[in-house]
Each structure stands twice: as structure tokens, then as C-alpha cells.
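Undergrad:
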Amino acid sequence: MTAILEVREVVRAFGGLRAVDDASLDVEAGSITALIGPNGAGKSTLFNVISGFLSAERGQVHFEGRRIDRSQPHRIARRGLVRTFQVPRTLTRMSVMDNIMVAATHHPGERLNGLAFRPSAARTRERGARERAVELLALFRLDGHAGEYAGVLSGGQRKLLDFARVLMAEPRLVLLDEPMAGVNPALGRQLIDHVLRLRTEAGMTFLFVEHDLDIVMESSDQVIVMNEGRVIASGDPQQVRGDQRVIDAYLGTAGPQ
Amino acid sequence: MSTIASFGFWSFVGIVAGIYTLFALGIQVQFGFAGLLNFGQVAFMGIGAYTMAILVVKEDLNMWLAAGCGVVLAMLAALLLGLPTLRLRADYFAITTIAFSEILRYVATNEDRLTGGSQGTINLAGIGRASQYDGAWQSFLGKVERNLHVSSDAAMLILVWTVALLAVAMVFVLMRTPWGRVLKSIREDEDAAASLGKNVFLYKLQALALGAGLGAVAGVFYAWQFSFFSPDDFAPLITFFAWMIVILGGLGRAWTVPVGALVFGVIFAGTRFFDFPPFSLLDSTERAYVRLIVIGLVIIGLMLFRPQGIFGSRKEMVLE
Numbered sequence: 001m002t003a004i005l006e007v008r009e010v011v012r013a014f015g016g017l018r019a020v021d022d023a024s025l026d027v028e029a030g031s032i033t034a035l036i037g038p039n040g041a042g043k044s045t046l047f048n049v050i051s052g053f054l055s056a057e058r059g060q061v062h063f064e065g066r067r068i069d070r071s072q073p074h075r076i077a078r079r080g081l082v083r084t085f086q087v088p089r090t091l092t093r094m095s096v097m098d099n100i101m102v103a104a105t106h107h108p109g110e111r112l113n114g115l116a117f118r119p120s121a122a123r124t125r126e127r128g129a130r131e132r133a134v135e136l137l138a139l140f141r142l143d144g145h146a147g148e149y150a151g152v153l154s155g156g157q158r159k160l161l162d163f164a165r166v167l168m169a170e171p172r173l174v175l176l177d178e179p180m181a182g183v184n185p186a187l188g189r190q191l192i193d194h195v196l197r198l199r200t201e202a203g204m205t206f207l208f209v210e211h212d213l214d215i216v217m218e219s220s221d222q223v224i225v226m227n228e229g230r231v232i233a234s235g236d237p238q239q240v241r242g243d244q245r246v247i248d249a250y251l252g253t254a255g256p257q
Numbered sequence: 258m259s260t261i262a263s264f265g266f267w268s269f270v271g272i273v274a275g276i277y278t279l280f281a282l283g284i285q286v287q288f289g290f291a292g293l294l295n296f297g298q299v300a301f302m303g304i305g306a307y308t309m310a311i312l313v314v315k316e317d318l319n320m321w322l323a324a325g326c327g328v329v330l331a332m333l334a335a336l337l338l339g340l341p342t343l344r345l346r347a348d349y350f351a352i353t354t355i356a357f358s359e360i361l362r363y364v365a366t367n368e369d370r371l372t373g374g375s376q377g378t379i380n381l382a383g384i385g386r387a388s389q390y391d392g393a394w395q396s397f398l399g400k401v402e403r404n405l406h407v408s409s410d411a412a413m414l415i416l417v418w419t420v421a422l423l424a425v426a427m428v429f430v431l432m433r434t435p436w437g438r439v440l441k442s443i444r445e446d447e448d449a450a451a452s453l454g455k456n457v458f459l460y461k462l463q464a465l466a467l468g469a470g471l472g473a474v475a476g477v478f479y480a481w482q483f484s485f486f487s488p489d490d491f492a493p494l495i496t497f498f499a500w501m502i503v504i505l506g507g508l509g510r511a512w513t514v515p516v517g518a519l520v521f522g523v524i525f526a527g528t529r530f531f532d533f534p535p536f537s538l539l540d541s542t543e544r545a546y547v548r549l550i551v552i553g554l555v556i557i558g559l560m561l562f563r564p565q566g567i568f569g570s571r572k573e574m575v576l577e
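Note that the protein sequences, when read in sequence, are chains A and B. Okay, so the first sequence: first residue is 1 according to the numbering used here, each after it adds one. Okay, so the second sequence: first residue is 258 according to the numbering used here, each after it adds one.
(1) Can you check whether the CB of Leu175 (chain A) is closer than 8 Å to the CB of Arg58 (chain A)?
(2) Please report how far the alpha carbon of Leu322 (chain B) lies from the alpha carbon of Ser358 (chain B), in whole angstroms.
(3) Helix, strand or coil, according to DSSP, for Ser484 (chain B) in the structure here?
(4) Whole angstroms are fine: how far does the CA of Ile524 (chain B) sit from the CA of Pro564 (chain B)?
(5) Name, please, each residue of chain A whose Cβ falls closer than 7 Å to the Cβ of Thr342 (chain B).
(6) Where does Asp490 (chain B) fall in DSSP's three states?
(7) What did DSSP end up calling Met204 (chain A) once you bin it into helix, strand or coil?
(8) Ignore the nearest five residues each way along the sequence and tell me which others in Met258 (chain B)'s own chain have a CB closer than 6 Å to its CB.
(9) Taking Ser219 (chain A) as the query, report the chain B residues whose CB atoms sit under 7 Å from its CB, ordered along the chain.
(10) I need the boundaries of the beta strand (DSSP E) containing Ser24 (chain A), first residue and last residue.
(11) Would you check if the distance between the CB atom of Met101 (chain A) and the CB atom of Arg438 (chain B) is smaller than 8 Å?
(12) Quick one, which residues of the segment 448-476 of chain B are near chain A if we go by CB-CB under 8 Å, in chain order?
(13) Leaving out the 5 sequence neighbours to the left and right, which residues in its chain are closer than 7 Å to Asn48 (chain A) when beta-carbon positions are compared?
(14) I need the DSSP call for Asp177 (chain A), collapsed to helix, strand or coil.
(15) Between the segment 58-80 of chain A and chain B, which residues of the former have a C-beta closer than 7 Å to a C-beta of the latter?
(16) Counting only Cβ pairs nearer than 8 Å, list the residues of chain B close to Gly109 (chain A).
(17) May I have the straight-line CA-CA distance separating Thr372 (chain B) from Ala306 (chain B), to the nearest angstrom?
(18) May I ask you to check if the CB of Glu228 (chain A) is nearer than 7 Å to at least one heavy atom of the ligand MN?
(19) Please report whether the beta-carbon of Val102 (chain A) lies at a distance below 8 Å from any beta-carbon of chain B.
(20) Using a Cβ-Cβ cutoff of less than 7 Å, which residues in the same chain neighbour Glu447 (chain B) once the five nearest sequence positions on both sides are dropped?
(21) By the three-class DSSP mapping on this structure, what secondary structure does Val209 (chain A) have?
(22) Following the continuous beta strand (DSSP E) through His74 (chain A), name the residue where it begins and the one where it ends.
(23) What are the boundary residues of the beta strand (DSSP E) that Ala3 (chain A) is part of?
(24) Quick one: what's got a C-beta closer than 7 Å to Ser206 (chain B)'s C-beta in the same chain, skipping five residues either side?
(25) Say whether the segment 279-298 of chain B touches the segment 421-432 of chain B, bearing in mind that this needs 3 or more beta-carbon pairs closer than 8 Å, one atom from each stretch.
(26) Quick one: any contact between the segment 550-558 of chain B and the segment 475-488 of chain B, if contact means 3 or more CB pairs under 8 Å?
(27) Start and end of the alpha helix (DSSP H) containing Leu35 (chain A)?
(28) Can the beta-carbon of Ser31 (chain A) be found closer than 8 Å to that of Glu9 (chain A)?
(29) Opposite Val364 (chain B) in the DSSP bridges: which residues?
(30) Note down, in chain order, all residues in the segment 319-343 of chain B with a beta-carbon under 8 Å from any beta-carbon belonging to chain A.
(31) Which residues in chain B have a C-beta closer than 9 Å to the C-beta of Met97 (chain A)? List them in chain order.
(32) Between A:Thr2, A:Pro108, A:Leu198, which lies nearest to Glu170 (chain A) when the distance is taken from Cα to Cα?
(33) What ranges does the alpha helix (DSSP H) occupy inside the segment 266-321 of chain B, keeping only unbroken runs of at least 4 residues that lie completely in it?
(34) Using the rule of at least 16 other Cβ atoms within 10 Å of the residue's Cβ for burial, across every protein chain shown, is His74 (chain A) buried or exposed?
(35) Would you please verify whether the beta carbon of Ala249 (chain A) is less than 8 Å from any beta carbon of chain B?
(36) Quick check on Thr513 (chain B): buried or exposed, where buried means 16 or more other Cβ atoms within 10 Å of its Cβ?
As C-alpha cells, this is what we get:
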């Protein structure tokens, strides 16, 4: 298996606090990889570094063999590495449909020169994007709300909308920041099923941060554990479950002995 | 009370409202659609007006060409302003835009060889030369009058509102394109837009430049309407008039701007007729300030009882 994402010795500090401290990890192409660790372990900061929203002070990030740690977020997204946020970033004063449509890639109608000089190409792309958006809305059972303001959706529906929007952006690697948080178990189950199906059918790779360890253990191929800014363990769920360092990180050591 | 019934007076209100429609439409594009807090819009109006006047007087340029240069220069100035500042957080960007407009006003006041200085455009060709930049415009306006068989005021009213409504229609259409959709997504959440592969900075630059161009068109009409102007015509207060118009009409919609501008114009002009007590105790200069107070009270009242503006969407307002 080849690594689609390689994080090498990344450091990111806030003042004196090294939120990510020399973290290295690999995510294998086509895998569902979980990133776990106690609160403050640096998972979200690492997500922000990988997706370009924070710069790394040291270290490198490679996506599909190309270095991305100096790239801006939108460039990383265009390369096929797309993320969600812990709190859904719903575009509340736009329709549910537009929330998804805006993620369309390679759209000539999103550029003024494209609108002026390639209007028919823009129209064709818009039609194609709309068909795909209708599919995605149906898939996530949001089709009944397509014309409504996204701001009227419930928290769980917003999570689904964020996920649908990410898929619209045609990613090869998806970073999910706590996809199950605030989602009822039935809906969470649906989300996992989508992830599993997309991995098999579309060959997408998923890296997700999650606190519910039952979900992590049952749905991921690989688990990476962070604590205090470092990666302290990685492997398949069984290996990680039995790792003493992981148990210590979660439960705390007995203190100086 | 004879002015209240006179066509001349109300057509003047209409012309000013038309100019303000163009001017405030720029703010609507920048803030209502892209979320940019531009408090320096008046600078672009000034660039449009001054560029046109200077080129006509000093270079003897055709007035349409000179007006076009004014609009292009204002858009270039917007790019120049935006390049270093649009990466700043929204509130810091807002501060730099005020500074930008004030710097330009002071430059216009002090660079008297270029602008005529604090005495205004009358000194454009040098002191004592009493220069005029609107000769060609007046003869064009005369032609329109004769062809349409209307008065000079009516001709101006028609021309200003034709351009203003075309601009409103253009913005209306543009905001329904995929380009406009991206702009709105940036207004809603620029991190989300960036995470979906949109070049937020580029779109903000475009919105700023488009709004600046509209401001410059307003500036050119302003110059033609008043036949004379000076740096003090481009004080920050004028920018805030545009904000009032956008808030009065409603945010995030193109066609609310002319409505806001008309309401603003009527309140602004209407307060002249406050000749009953206690206003009759004030002289006319003092009364001129009363209208600012009235506008302020209207805005406060609106924020309390109708925060979405006259035609804005309440539903949109309360979404989180």
C-alpha cells in the first residue's frame, strides 16, 4: 500500500504551547484512518496544518507525493484534499442547494472571464453540477429542503450537508473533524455507511478525528493516536487497543512511582 | 411651501437619489454580497470625478473617454488598496479603507497644481482661470433635452436613472451566476469557501474593484450634476450615507438599493420643510444638521423594529 498523505516531523506552537510537536504519520491510500487522542492532543491543530489553514513551523506534509505544507487552503482543496470542520460551516443565508452547488469544481461560470467568454461552457457545467447536487441531496435525504435557507437545518442535517458538500468537491482524501459529534446514533450509522461505501466504490481515502472509540474500532482500518502533540502509536484497531501508551494517555498514568 | 410642489426641486432629489443608487450599489456588492466592510467608498467617487475633470480640463480629452479613465483608475486604485489589506481581518480592513479615503482627500486638498486644491475644480487650470470641465456634457444634455422634448432637469433625471437601473440589473444578474454564488459563500464563511477550493482573496479583490467602479460612475455623474466640486465633497460622511441607504433598503439584494436611495433622498431633502416649531427656531444652516439627526433616528428606529431594512428578508436576518 502506498501512502496518500505523509506528515513528517510537523511542529506548530501557539506561544509557548507546542500544540503539534514533531508529529509524523502516514495515511494509506484507500484506507479509513482514525486519528484519536485525549482533548488537547493536537488533532485539530494537525488537521488545520494539513489542510493549509495553519502553517507548520517545521516539518513537511506531502499529499500524493507533492509537498503541500506551503500551499494555501484553496490550492490544497483543488488538489483533492478536502476537509470538514468540527462545527459545520453551513452557509446559512444561502439555499441548501447553493450550499452544495458552490463546491462544484472546474466551473467556468465561477470566473468573470468564463462568464463573459465561455457562457455555454458555464451553462453546461452548471447543469452537470446541478444533476450531481440533486443526487447528493437525495443520498443524504436533504432533497426535501433543497430550496430552503440552510440556516433552518438542524445540527445533524448540517453535518450531512457539510459532508455532501465535501463530496461535491470531488476529493480523493477527505478529512473529517469529529463527524459524529452532535449527531444522533442512527444518523451517525448512516454517515459511516456512506464512508464505507465511498471507500469501496469511489476509492476515496478518509482520515477522521473521532472521540467515540467504539465507532473508531469498528469502522477504521488504521488508528493513529496522538497525545501532547506527538503521535504515540499507530496500527490496526486491535494493536492500538492493547497498547500500554495509549491506555496511559487516555486513563492517565498512576503518577510518579 | 412652494418648493414642495415644484418639479425642479423633486427632480433634483431624484437625480441625487440616482447618483446615490450607483454609489451605494458599490457598497451592496462589497458588503451585501461579499461581506467586505468598505468605509472608504467615497474615495472611489472622488477618483472618478477628479480623473474625469482633470483629463477634460488639462488634457482636453473627450468627456466619455475621460469618464471611462476615471472608472478604470478607481478600479485600479481598489486593486492597489486591496492587495495589501484584503488579507487582514475584516475590522482591520475596515480601518484601512477609512484611512485610504482620508489620505486621498488630503492629497486632493494639498496637490493644488493637480486638483485645484481646497478651492476645488474652479482652479483646475490655475488660479483665476475659472475652468469648467462640463461644457461637453452640457451640450450633450442639451441634445437629449431637444430630442426628448423635456427640461434639462428631466433629461438629467432620465440619464442618471437609466445608468443606475442598468447597473442594478447588472448586479442583479451577476449575483445569480456561479460567480455571485461564490461571492455569497465568502460572505457567509470565508474558511468554508477556501476549504472548497475557492480563491477567497481573488474574489474579494474583484468585489472591491467592481464596487469601486460603481462608485466612480457615481462620481462622474456627481461632477456633471454640480458643475463644480472640491475635496470636501468627498468627506467620510458621504460613505456613511451609502451605508445608510444599503441598510435602509435591505442587505444582500440589488434592487433594494434604489429604494433605499429614494427614501434617503426624500428624508434628506424633506427635512428642509421642517418650518414649524421647534424647527422654526433654528436658522437654515442649523436645520441642515437636523436632517442628519432625523436620518440617524430613522436608522435607529429601523434597527429596532425592522432590522432587515425596508425590503430585506427578516427570515435571512435571524438565521445563524
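Glycine residues also receive a C-beta, built at the ideal position from the N, C-alpha and C atoms. These figures come from a predicted structure and were not determined experimentally.
TA: To lay it out plainly:
(1) For this step, residue 58 (chain A) is matched to residue 58 along the first sequence. For this step, residue 175 (chain A) is matched to residue 175 along the first sequence. Against a cut-off of 8 Å, the Cβ pair of Leu175 (chain A) and Arg58 (chain A) comes out as no contact.
(2) Translated into positions along the second sequence, residue 322 (chain B) becomes position 65. Translated into positions along the second sequence, residue 358 (chain B) becomes position 101. Between the alpha carbons of Leu322 (chain B) and Ser358 (chain B) lies a distance of about 24 Å.
(3) Locating residue 484 (chain B) in the second sequence gives position 227, counting from the first residue. Taken through DSSP and simplified to helix, strand or coil, Ser484 (chain B) comes out as coil.
(4) Mapped onto the second sequence, residue 564 (chain B) falls at position 307. Mapped onto the second sequence, residue 524 (chain B) falls at position 267. Taking the straight line from one Cα to the other gives about 19 Å.
(5) Counting from 1 along the second sequence, the entry for residue 342 (chain B) is found at position 85. Going along chain A, no residue has its Cβ under 7 Å from Thr342 (chain B), so there is no contact; the nearest lies around 18 Å.
(6) Looking up residue 490 (chain B) in the second sequence gives position 233. Correct three-state label for Asp490 (chain B): helix.
(7) Sequence index remark: in the first sequence, residue 204 (chain A) carries index 204 (1-based). In the three-state reduction of the DSSP assignment, Met204 (chain A) falls in the coil class.
(8) In the second sequence, the residue the question calls residue 258 (chain B) occupies position 1. With a pLDDT of 47 at Met258 (chain B), under the threshold of 50, the predicted position of this residue should be treated as unreliable, though the coordinate-derived value follows. Excluding residues within five positions, none has a Cβ falling inside 6 Å.
(9) For the purposes of this step, residue 219 (chain A) is taken as residue 219 along the first sequence, with counting starting at 1. Listed along the chain, the chain B residues whose CB falls inside 7 Å of the CB of Ser219 (chain A) amount to none; the nearest CB is some 23 Å away.
(10) Along the first sequence, read from residue 1 onward, the residue named residue 24 (chain A) stands at position 24. Where Ser24 (chain A) is concerned, the enclosing beta strand (DSSP E) stretches over 17-28.
(11) Indexing the first sequence from 1 puts residue 101 (chain A) at position 101. Indexing the second sequence from 1 puts residue 438 (chain B) at position 181. Yes.
(12) Listed by position along the chain: Asp448, Ala449, Ala450, Ala451, Ser452, Leu453, Gly454, Lys455, Asn456, Val457, Gln463.
(13) For the purposes of this step, residue 48 (chain A) is taken as residue 48 along the first sequence, with counting starting at 1. Closer than 7 Å at Cβ, skipping near neighbours: Leu54.
(14) As a first step, residue 177 (chain A) is located in the first sequence; it is residue number 177 there, counting from the start. In the structure shown, Asp177 (chain A) adopts extended strand secondary structure according to DSSP, grouped into three states.
(15) Cβ contacts with chain B: Pro73, His74, Ala77, Arg78.
(16) The sequence position of residue 109 (chain A) within the first sequence is 109, counting from 1. For the C-beta of Gly109 (chain A), the chain B residues within less than 8 Å are, from N- to C-terminus, Thr434, Pro435, Trp436.
(17) Walking along the second sequence from the start, residue 372 (chain B) turns up at place 115. Walking along the second sequence from the start, residue 306 (chain B) turns up at place 49. A straight line joining the alpha-carbon of Thr372 (chain B) with that of Ala306 (chain B) spans about 11 Å.
(18) No copy of the ligand MN occurs in the structure displayed, which carries no ligand at all.
(19) Within the first sequence, numbered from 1, the residue matching residue 102 (chain A) stands at position 102. Chain B, which has a Cβ nearer than 8 Å to the Cβ of Val102 (chain A), makes this yes.
(20) Along the second sequence, read from residue 1 onward, the residue named residue 447 (chain B) stands at position 190. Around Glu447 (chain B): Val457.
(21) Along the first sequence, one-based indexing puts residue 209 (chain A) at 209. Three-state result, Val209 (chain A): strand.
(22) Start at 1 with the first residue of the first sequence, and residue 74 (chain A) comes out as number 74. It is not in any beta strand (DSSP E) - His74 (chain A) instead sits in the alpha helix (DSSP H) that spans 73-79.
(23) By one-based count along the first sequence, residue 3 (chain A) stands at place 3. Unbroken beta strand (DSSP E) run through Ala3 (chain A): 3-14.
(24) Residue 206 (chain B) falls outside the range modelled here, since chain B spans only 258 to 577, and no answer is possible.
(25) The way I'd put it, the segment 279-298 of chain B does touch the segment 421-432 of chain B; three or more beta-carbon pairs between them come closer than 8 Å.
(26) At 8 Å Cβ cutoff, the stretches do not touch.
(27) Sequence index remark: in the first sequence, residue 35 (chain A) carries index 35 (1-based). From DSSP, Leu35 (chain A) is part of no alpha helix (DSSP H) but of the beta strand (DSSP E) over 32-36.
(28) As a working mapping, residue 31 (chain A) is identified with position 31 in the first sequence. As a working mapping, residue 9 (chain A) is identified with position 9 in the first sequence. Contact: no.
(29) Position 107 of the second sequence, counting from 1, holds the residue named residue 364 (chain B). Note: Val364 (chain B) sits in no beta bridge, so no partner.
(30) Contact residues of the segment 319-343 of chain B toward chain A are absent (C-beta to C-beta distance below 8 Å).
(31) Along the first sequence, one-based indexing puts residue 97 (chain A) at 97. Neighbours of Met97 (chain A) across chain B, judged by C-beta separation under 9 Å, do not exist; the nearest C-beta is about 10 Å away.
(32) Within the first sequence, numbered from 1, the residue matching residue 170 (chain A) stands at position 170. The shortest C-alpha separation from Glu170 (chain A) is found at A:Leu198.
(33) Complete alpha helix (DSSP H) runs here, min 4: 298-315.
(34) For the purposes of this step, residue 74 (chain A) is taken as the residue at position 74 of the first sequence. Label assigned to His74 (chain A): buried.
(35) Mapped onto the first sequence, residue 249 (chain A) falls at position 249. Taking Cβ atoms only, chain B never reaches closer than 8 Å to Ala249 (chain A), which makes this a no.
(36) In the second sequence, residue 513 (chain B) corresponds to position 256, counting from 1. Under this definition Thr513 (chain B) is a buried residue.
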